[in-house]
Amino acid sequence: MTKFYKKLLIATLICISNFGFSQSNEIKIKFIGNCGLYLTDGNSNLYIDFPYKSGAHKYMEYDKAEIDNIKDNAIFIFTHRHADHYSHTLLKKLEGQKFDPWSIPELEKLGETIPDFDIKAFRTKHKVFGVSFKHYSYLITWHGKKIYLSGDTGDLEDVSNIKNIDWAFVNPWLYMNALHEKVTIDAEKFAIYHLYPNQKIDGEVPPNLLILKNQGEVITMPY
627 MTKFYKKLLI ATLICISNFG FSQSNEIKIK FIGNCGLYLT DGNSNLYIDF PYKSGAHKYM
687 EYDKAEIDNI KDNAIFIFTH RHADHYSHTL LKKLEGQKFD PWSIPELEKL GETIPDFDIK
747 AFRTKHKVFG VSFKHYSYLI TWHGKKIYLS GDTGDLEDVS NIKNIDWAFV NPWLYMNALH
807 EKVTIDAEKF AIYHLYPNQK IDGEVPPNLL ILKNQGEVIT MPY
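For the sequence shown, the positions run 627 to 849 when my numbering is used.
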């Protein structure tokens with residue numbers, strides 16, 4: 627092989643290597659079910675409102691493989707402790723850091739250990755049959771990308787004041803509240819989660835709105 631072709635081969639390999647690295651600069655968000663999400667940047671692994679009790683309150687079930695495939699030393703974050711969002715029985719069998727509405731000060735320090743990461747918690751309203759439950763919604767800023775997670779709230783006060791959200795994960799009643807009350811949520815894209823297995827969204831779906839009904843669907847966010 628001539629020197630020219632050797633140099634060409636080396637240059638090509640470098641380009642391929644650099645291309646692969648640049649392509650890895652992304653956040654992946656996998657929809658598990660209900661408000662259950664798996665977020666990763668390839669280094670840190672976060673689970674939001676998962677594990678929950680499969681099929682609780684007639685919401686989505688999931689395959690047992692989802693539990694078996696949970697990453698080692700993952701971080702588990704919960705909006706509240708209702709069974710369709712949280713399972714103490716499953717959680718106690720898992721290793722990793724665990725945060726819920728009773729550990730917000732510790733949760734908001736996660737940026738000290740995860741590179742280029744910040745999380746803010748908002749105490750939001752969640753009532754069932756007139757009874758209020760301790761509930762938080764979250765704004766994650768990760769590698770410059772803003773991800774809002776509503777959980778079960780229909781409360782618009784905090785989310786309406788957040789600017790430049792990249793992806794807003796919202797339940798259907800929060801989304802409908804915003805439309806009915808003509809409140810703007812400043813998000814580039816929306817994902818509606820926490821649907822019943824056969825629930826449908828009527829009307830025309832805007833191009834920036836994703837209906838999360840296909841479990842296992844993955845959203846990719848390059849940065």
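Built from N, CA and C at the ideal position, the CB exists for glycine as well. Keep in mind the model is a prediction, meaning the values are calculated, not measured.
* Could you give the C-beta distance for Ile701 and Gly722, rounded to a whole number, given that I count them as a contact under 8 Å? -> About 6 Å separates the CB atoms of Ile701 and Gly722; that is less than 8 Å, so the two are in contact.
* Asked: With DSSP run on the structure shown, which of helix, strand or coil describes Gln649?
  -> Confidence in Gln649 is poor, its pLDDT being 46 and thus under 50, which makes the residue's placement unreliable; the coordinate value appears in the next sentence. Reduced to three states, the DSSP call for Gln649 is helix.
* Which same chain residues, not among the five before or five after Glu814, have their C-beta less than 6 Å away from its C-beta? -> Cβ within range, chain order: Asp792.
* Under the DSSP definition of a beta bridge, which residues are partnered with Gly662? -> Note: Gly662 sits in a beta bridge opposite Gly659.
* Asked: From Ile703 to Lys724, what does the alpha carbon distance come to, in whole angstroms?
  -> Each residue's alpha carbon lies about 6 Å from the other.
* Asked: Closest by CA to Asp710, which one among Tyr819, Leu733, Pro741 and Lys826?
  -> Looking at the Cα atoms, Tyr819 is the closest of the given residues.
* Asked: Can you tell me whether DSSP reads Ser786 as helix, strand or coil?
  -> Of the three classes helix, strand and coil, the one that applies to Ser786 here is helix, per DSSP.
* Asked: With DSSP run on the structure shown, which of helix, strand or coil describes Met686?
  -> Secondary structure of Met686 (DSSP, three-state): coil.
* To do: Determine the direct distance from the alpha carbon of Glu652 to that of Tyr673, and round the result to whole angstroms.
  => When rounded, the separation of the alpha-carbon atoms in Tyr673 and Glu652 is 17 Å.
* Cα separation between Tyr822 and Ile740? -> Their Cα atoms are separated by approximately 34 Å.
* Asked: Using a beta-carbon distance below 7 Å, is Ser680 in contact with chain C?
  -> Considering every chain present, this structure includes no chain C. It has just one protein chain.
* Hey, could you find the ends of the beta strand (DSSP E) Ala747 is sitting in? => In the DSSP assignment, Ala747 falls within the beta strand (DSSP E) that extends over Phe743 to Arg749.
* Give the secondary structure of Asp778 by DSSP, where H, G and I count as helix, E and B as strand, and everything else as coil. => In the displayed model, Asp778 falls within coil according to three-state DSSP, outside both helix and strand.
* To do: Could I get the ranges of all uninterrupted beta strand (DSSP E) runs contained in the segment 696-775, with 3 residues as the minimum, in chain order?
  => DSSP runs (the beta strand (DSSP E)) wholly in the segment 696-775: 700-703, 722-725, 743-749, 762-768 and 771-775.
* What did DSSP end up calling Tyr673 once you bin it into helix, strand or coil? -> Secondary structure at Tyr673: strand, using DSSP grouped into helix, strand and coil.
* In three-state terms, what does DSSP make of Ile845? -> The answer is strand: DSSP assigns Ile845 an E or B state.
* Asked: Are at least three pairs of beta-carbons, each pair with one atom in the segment 657-674 and one in the segment 684-703, less than 8 Å apart?
  -> Yes: the two stretches touch, three or more of their Cβ pairs being nearer than 8 Å.
* Asked: Excluding five sequence neighbours on each side, which residues of the same chain lie with their C-beta closer than 7 Å to the C-beta of Ala747?
  -> Counting only Cβ-Cβ distances below 7 Å, and skipping sequence neighbours, we find Ile730, Leu733, Glu734, Tyr762 and Tyr764.
* **CA-to-CA distance, Tyr774 to Leu782, given in whole angstroms** => Taking the Cα positions, Leu782 is about 12 Å away from Tyr774.
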